[in-house]
Structure formats: structure tokens, C-alpha cells
Amino acid sequence: MPRHVPSPHATFVSGADDPICQRSRFHPESLMRGWIMAIGMAGWLSLSAEYCLAEVDASRETVPKKFQGAPGLIKGGFLIQGSKRRFEKANELNLESFQTKLEVTPGELSLRKIREPQPDDQINLRFTVTNGSENGTFLFFPTAQRCEAEVRNEAGEVVYTWSEDFEFAPEAGYGFLNAGERLNYRISIPYQALRGRVSIGSATLSANLVNYPLLRAEMPLQVIP
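Quick note: the sequence shown uses the working numbering, first residue 3, plus one each step.
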């Protein structure tokens with residue numbers, strides 16, 4: 003089972019507890035404010051530099067190789083103490099301004115291949131989230147996981163959840179999506195993972211952004227003999 007080490011994540015800092023401030027003979031409060039402003043400015047400049055592309059592909063250079071088993075946008079930076087609530091409220095999005103799309107290959111599965119899969123037999127998903135608004139927005143994630151995928155049978159019951167095969171770092175993180183940008187997430191589901199879980203007939207494959215369950219898309223999946 004893939005294991006994931008802690009991911010780069012937002013770090014909340016406060017100069018009040020810094021030993022340098024405690025030792026100062028001058029004005030510790032001024033030094034604290036200057037330290038926080040410097041850290042905050044570095045973080046925001048970092049964000050501005052990172053999000054200059056019109057499209058962010060979460061399976062490309064935005065994710066270190068050691069995190070490629072957990073597709074998603076993983077960005078680091080510094081936030082000023084007290085701003086955490088503002089980022090957590092980022093999940094209060096205007097959902098009408100976002101578009102989602104799910105591409106699945108193949109769109110038809112053979113039950114025989116699922117029962118006797120080859121090592122490379124898998125379903126490939128590409129889940130896209132587009133910010134169609136005129137403003138950029140922060141996306142807050144409670145863990146290192148960024149997206150989720152599920153397979154439902156003909157009765158609508160969940161028979162497979164992609165994240166069950168992974169462990170994710172528990173640290174919260176965030177991403178920033180500019181107006182007009184889109185995030186691409188790629189997920190692979192091995193045929194072997196569906197063995198004994200699906201039967202001949204119709205099924206549904208869905209994907210959504212973690213912490214934003216309404217930002218989802220789904221595609222039908224046909225299972226043949």
C-alpha cells in the first residue's frame with residue numbers, strides 16, 4: 003500500500019513565541035511585526051510566481067515525485083497568524099462559477115478481465131475543475147488528499163472508493179485557482195481493485211474535489227461479460 007510522507011503545506015507563524023523577540027533589548031513588538039510582514043510578503047510573492055500559468059496540471063511539476071501516488075495540487079507558503087479562518091472559509095464558493103469535467107478510459111469494462119487482470123489493466127480518469135469566475139479563489143484541504151473517486155453499481159451503491167488504497171499526510175493545505183485557470187487531476191484504478199465488486203450491467207464512476215463534494219462530475223461505465 004503506498005505511503006505518503008508529510009506534504010508541503012501552509013505554515014502559520016507568530017513572532018510572539020520567537021526566541022529572538024524574547025531576547026531583544028529594544029522593541030520586541032516592532033521586531034515581531036517586521037518579522038511577520040517579511041514572512042507574509044515572501045509567501046505572497048511565492049504564490050504570485052507559482053500561479054502565472056493558465057492551466058495547472060496536478061500530475062505535472064506541481065507535485066513532487068514522492069506525492070504522485072496522491073494526485074493533487076500541493077503548494078507550500080507562509081500565512082500570517084490569524085488568517086487561517088479566512089482560508090478555511092474558502093470552501094464557501096460560488097459553485098455556479100465552477101465547471102467540472104470527467105474523462106474516463108476505457109468507458110467499457112470486461113468482467114473477464116476484471117476477474118483475471120493483467121498488471122497494466124487499469125481505468126484512467128482525468129478530473130478537471132475550472133474557475134469560470136472573474137476572481138481567483140483559495141481552496142482549502144484538510145489533508146494532503148486533493149481529489150476522490152468512487153465507483154457505484156447499478157443500484158447506486160458505492161462499491162469502490164479510490165482513497166481506500168492510499169494513506170495521506172494529515173496536514174492541511176491550500177491551493178489558489180486564478181480566474182480562468184483549471185486544475186487537472188489524474189487517477190488510475192487497477193482492474194484488480196474492482197474484482198468481486200462489480201457485475202455485468204451499468205455502473206457509474208464519479209470524481210470530486212476533497213472538501214468540496216459538490217464540485218464533482220460523473221460518467222457511466224458499462225460492464226460486459
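For glycine and all other residues, C-beta sits at the position ideal for the given N, C-alpha and C.
With a cut-off of 8 angstroms on Cβ pairs, the segment 214-225 is not in contact with the segment 132-140, counting fewer than three such pairs. Annotation for residue 119: 192, 193, 194, 197 place their beta carbon closer than 8 angstroms to its own, counting only its chain and skipping 5 residues before and after. A direct Cα-Cα distance of roughly 14 angstroms separates residue 106 from residue 123.
Counting C-beta atoms within 10 angstroms of its own C-beta, residue 163 has fewer than 16 neighbours from the protein chains shown and is therefore classed as exposed.
Secondary structure at residue 135: coil, using DSSP grouped into helix, strand and coil. The distance from the Cβ of residue 130 to that of residue 188 is about 10 angstroms, inconsistent with a contact at the 8 angstroms cut-off. As DSSP reads the structure, residue 177 sits in a beta bridge with 141.
Between residue 132 and residue 144, the alpha-carbon positions lie close to 21 angstroms from each other. Contact annotation, residue 178 with residue 147: C-beta distance approximately 18 angstroms; criterion of less than 8 angstroms not satisfied.
Going by DSSP, residue 216 is part of the beta strand (DSSP E) stretching over 214-226.
Beta-bridge annotation (DSSP): residue 190 is paired with 126.
According to DSSP, residue 103 shares a beta bridge with 130.
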